[in-house]
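In my numbering, the protein residues as written are 170 to 501. Structure record follows, encoded as structure tokens.
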């Protein structure tokens, strides 16, 4: 199992952005030194309860800082973007990081982002599928003509191909049945986001594997999940410290319009800490990660930075994960 650092885009509005960038950079270096396997960076536009930076330029900057780690767009909202631009950017980024890129993609859910992109949320599935198909052609064919519903190119010759052949591994973000079926139909990993219980995840993975087989696809090598994680020396300390941090994050995302957030919090924070959230001592966290490994999970993108946390607290948590969690989960 590979444990990665999902860089939390959960810095409150008004925080000095240059200080924020320096702290993110310090966190990523700490994750590298602690032995985490990959860095995941998300994507949103416009006002948000939290402020954050955009993934492609950030990951390009981080490539030189973390030469032993993979870099993941976690996830890029491709229906908002021109697929030719994305194909060129991803090919370039894959070379910058020398073939260590994972291309995580998702639909998006905020109407204001689609308005800014000049599209409609109702078209996001069509844009996603057509755009991804066009990107793959641009990465693998010498000349591409495509006259589709949303995108048109004639005799297109991309300026760069990815470092990886035929292109980086693709993770398709999913929380429900339709996108899981879509990921399987396209032959890609589905990237399970962090609010599904282990029982739900088990059923979703069974559906995904069944659909892969039905569509004649071999199982992809990656089974990635995102998990909310808070580690402290003891279970009691972890739960006490995690409670205000988790509440601040999810209350912000509820204001932001993330579907299902209110339902996620309905049972109460304490009920979510054993599962799906990974909150506790290092030993508790290893047990939770072992349960995921038993389901076949290969990559866990863990949030290790939360609102209400100081930089010193974040660095201590990363160090603790490196010292007492990673040595136990790497063999899983």
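Cβ atoms here follow ideal geometry from the backbone N, Cα and C, with glycine treated the same way.
8 Å contact criterion, which residue i and residue j should meet: CB distance rounded
i: residue 378; j: residue 388; result: 6 Å
i: residue 412; j: residue 438; result: 5 Å
i: residue 458; j: residue 469; result: 6 Å
i: residue 364; j: residue 445; result: 6 Å
i: residue 176; j: residue 474; result: 7 Å
i: residue 338; j: residue 271; result: 5 Å
i: residue 269; j: residue 234; result: Not quite, the Cβ-Cβ distance comes to about 12 Å (not below 8 Å), so this is no contact.
i: residue 178; j: residue 487; result: 17 Å between Cβ atoms; not a contact.
i: residue 376; j: residue 405; result: At roughly 37 Å, the Cβ-Cβ gap does not stay under 8 Å, so residue 376 and residue 405 are not in contact.
i: residue 417; j: residue 476; result: 4 Å
Endpoints, the alpha helix (DSSP H) within which residue i is located
i: residue 186; result: 186-203
i: residue 314; result: No alpha helix (DSSP H) holds residue 314; the beta strand (DSSP E) holding it covers 313-316.
i: residue 387; result: Where residue 387 is concerned, there is no enclosing alpha helix (DSSP H), given that its DSSP letter is neither H nor E.
i: residue 303; result: 293-309
i: residue 227; result: 224-231
i: residue 485; result: 480-489
i: residue 498; result: 495-498
i: residue 441; result: 438-441
Proximal residues to residue i (C-beta, below 6 Å), its chain only, five neighbours per side dropped
i: residue 493; result: 451
i: residue 386; result: 356
i: residue 307; result: 256, 313 and 327
i: residue 182; result: 220
i: residue 209; result: 173, 175, 241, 243 and 470
i: residue 397; result: 363, 446 and 472
i: residue 180; result: 189, 219 and 220
i: residue 204; result: 491 and 495
i: residue 211; result: 178 and 243
i: residue 199; result: 484 and 487
i: residue 489; result: 400
i: residue 499; result: none
Beta-carbon proximity list for residue i, same chain, < 7 Å, skipping 5 on both sides
i: residue 320; result: 252, 299, 300 and 303
i: residue 285; result: 214 and 215
i: residue 247; result: 255, 274, 297, 300 and 301
i: residue 330; result: 260 and 308
i: residue 497; result: 455
i: residue 232; result: 240, 265 and 266
i: residue 478; result: 414
i: residue 391; result: 338, 340, 358, 467 and 468
i: residue 289; result: 283
i: residue 465; result: 374 and 392
i: residue 193; result: 176
Span of the beta strand (DSSP E), counted from its first residue to its last, around residue i
i: residue 397; result: 393-400
i: residue 470; result: 468-472
i: residue 322; result: 321-325
i: residue 448; result: 447-449
i: residue 501; result: Neither: residue 501 is in no beta strand (DSSP E) and is coded neither H nor E.
i: residue 210; result: 207-210
i: residue 175; result: 171-175
Contacts around residue i, its chain only, beta-carbon distance under 8 Å, and the 5 residues preceding and following it disregarded
i: residue 190; result: 222
i: residue 295; result: 318 and 319
i: residue 206; result: 171, 172, 173, 238, 239 and 468
CB contact check: residue i to chain B, cutoff 8 Å
i: residue 490; result: The structure shown has no chain B; it contains just one protein chain.
- Mind pulling the alpha helix (DSSP H) runs of 4 or more residues that sit fully within the stretch 331-382? 346-355
- Message: As an exercise, report each continuous alpha helix (DSSP H) stretch of at least 4 residues that is fully enclosed by the stretch 241-289, in chain order.
- Response: 252-265 and 280-286
- Message: Across the stretch 443-459 and the stretch 214-223, are there enough close Cβ pairs to call them in contact, namely three or more that are closer than 8 Å?
- Response: no
- Is the stretch 253-263 touching the stretch 276-293 in the sense that three or more CB pairs, one from each, lie closer than 8 Å? no
- Contact the stretch 312-319 vs the stretch 331-338: 3+ CB pairs below 8 Å: no
- Hey, is the stretch 396-406 in contact with the stretch 369-383, meaning 3+ C-beta pairs nearer than 8 Å? no
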